[in-house]
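Enquirer: In my numbering, the protein residues as written are 4 to 207.
Glycine included, every Cβ here is placed at the ideal spot set by N, Cα and C.
If you're wondering where the values come from, they're calculated on a predicted model, not measured in any experiment.
Quick one: the structure is below, questions incoming.
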C-alpha cells in the first residue's frame, strides 16, 4: 500500500518537519494530488496571463516542488520558467519534467534567496500557507521584485483562515506598496473539498 502524505501536510509546524515531509513525499506527490484533482497550477498560469502578455519574460516559479506549476506556465505559453525549491527530492522530480530553464536548490532558512530585481514576474503556487512557507516569505518575495513586478500566488483555505498570511497581503495593499489586480476563489483540491484563492498583485 502506497503511503499517503496529503492529509498530513497541513499539520507541519517547523521548517525541518516540512522539509523532511516533502522529501519523503516527492516520489508519490504527483500521483496523490492528481487523485484529488489539483487545479491551482493551471489557475495561477491563467490569471498571470491576463496581466503578463509578454510570454518571453522570464518567470520565477518559487517553491516549484515537483514542477507541476512550471508545466502549467509552459502550457500557458511562457517561454522561460526558472524554479527554486528547498526540497532536493522534489527538485529531482522537477528536473525530469523539462519545464525549467534552470532549477535552483535554496536553503529554507535563507532570508534572501532571490537577488533583488532578477525577476519581474514571480509565482508561488501553494507555497505560502500552513505546513509550507511561513508568512514572512511573502515580504521576501515582494522585496525581491522591482517596481511594476508581478507576484501571482495562491492561499488555500487553510492559509485564508490564518490571519498571519492574509494580513501580509492586506498590509502591502493598504499602504499602497502593492496593487491588487486579480482575486478569485476556486478549486484547489476538489477531492478533499479544498479551495484556494488566486491573486495577482503588482508592486508599486
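(1) Suppose the cutoff is 6 Å on Cβ atoms and the five residues either side in sequence are ignored; what does the same chain contact list for residue 119 look like?
(2) Residues in the same chain with beta-carbon distance under 8 Å from residue 49, minus the five sequence neighbours each way, listed in chain order, please.
(3) Which of the three DSSP states, helix, strand or coil, is assigned to residue 206?
(4) For the alpha helix (DSSP H) that contains residue 177, what are its first and last residues?
(5) With contact counted as at least three CB pairs below 8 Å, one residue from each stretch, are the segment 156-172 and the segment 103-118 in contact?
(6) Could you tell me which of 76, 42 and 100 sits nearest to residue 55, measuring between CA atoms?
(7) Could you tell me the distance, in whole angstroms, from the CA atom of residue 199 to the CA atom of residue 174?
(8) For residue 65, which beta-bridge partners are listed by DSSP?
(9) My understanding is that residue 62 touches residue 124, with C-beta atoms under 8 Å, so please give their C-beta distance in whole angstroms.
(10) Which complete beta strand (DSSP E) runs does the segment 90-130 hold, if anything under 3 residues is left out?
(11) Among residues of its own chain, excluding the 5 on either side of residue 72, which ones have a beta-carbon nearer than 6 Å to its beta-carbon?
(12) For residue 100 and residue 74, I'd like the C-alpha separation in whole angstroms.
(13) Taking residue 31 as the reference, give the member of 96, 59 and 58 with the closest Cα.
(14) Using the beta-carbon count (16 or more within 10 Å), is residue 157 buried or exposed?
(15) What does the Cβ neighbour count give for residue 90, buried or exposed, with the cut at 16 atoms within 10 Å?
(16) In the DSSP output, what is residue 187 paired with across the bridge?
(17) Return helix, strand or coil for residue 155, following the three-state DSSP convention.
(18) Residues bridged to residue 136 by DSSP?
Expert: In terms of the structure at hand:
(1) For the purposes of this step, residue 119 is identified with residue 116 of the chain shown, where counting begins at 1. Closer than 6 Å at the Cβ level, and outside the excluded window around residue 119, lie 147.
(2) For the purposes of this step, residue 49 is taken as the residue at position 46 of the chain shown. Counting only Cβ-Cβ distances below 8 Å, and skipping sequence neighbours, we find 79.
(3) As a position in the chain shown, residue 206 is number 203, starting the count at 1. If DSSP states are grouped into helix, strand and coil, residue 206 belongs with the strands.
(4) Taking the chain shown and counting its residues from 1, the one referred to as residue 177 is at position 174. Its alpha helix (DSSP H) spans residues 166-177.
(5) no
(6) Reading the chain shown from its first residue, position 52 is the one you call residue 55. Taking only the C-alpha atoms, the option nearest residue 55 is 76.
(7) Counting from 1 along the chain shown, the entry for residue 199 is found at position 196. Counting from 1 along the chain shown, the entry for residue 174 is found at position 171. Taking the straight line joining both Cα atoms gives about 20 Å.
(8) Position 62 of the chain shown holds residue 65. Beta-bridge pairing links residue 65 to 87.
(9) The residue given as residue 62 occupies position 59 in the chain shown. The residue given as residue 124 occupies position 121 in the chain shown. That pair is a contact at about 5 Å.
(10) 106-108 and 124-127
(11) To locate residue 72, count along the chain shown from 1; it is residue 69. Excluding positions up to five away in sequence, the list reads 44, 64 and 128.
(12) Locating residue 100 in the chain shown gives position 97, counting from the first residue. Locating residue 74 in the chain shown gives position 71, counting from the first residue. Each residue's alpha carbon lies about 8 Å from the other.
(13) On the chain shown, position 28 is the one that residue 31 refers to. Comparing Cα-Cα distances from residue 31 to each of 96, 59 and 58, the minimum goes to 96.
(14) As a working mapping, residue 157 is identified with position 154 in the chain shown. Label assigned to residue 157: buried.
(15) Indexing the chain shown from 1 puts residue 90 at position 87. Looking at its Cβ environment, which holds 16 or more other Cβ atoms inside 10 Å, residue 90 is buried.
(16) Translated into the one-based positions of the chain shown, residue 187 becomes position 184. DSSP lists 201 as partners of residue 187.
(17) Numbered from 1 along the chain shown, position 152 holds the residue referred to as residue 155. Correct three-state label for residue 155: strand.
(18) For the purposes of this step, residue 136 is identified with residue 133 of the chain shown, where counting begins at 1. 131.
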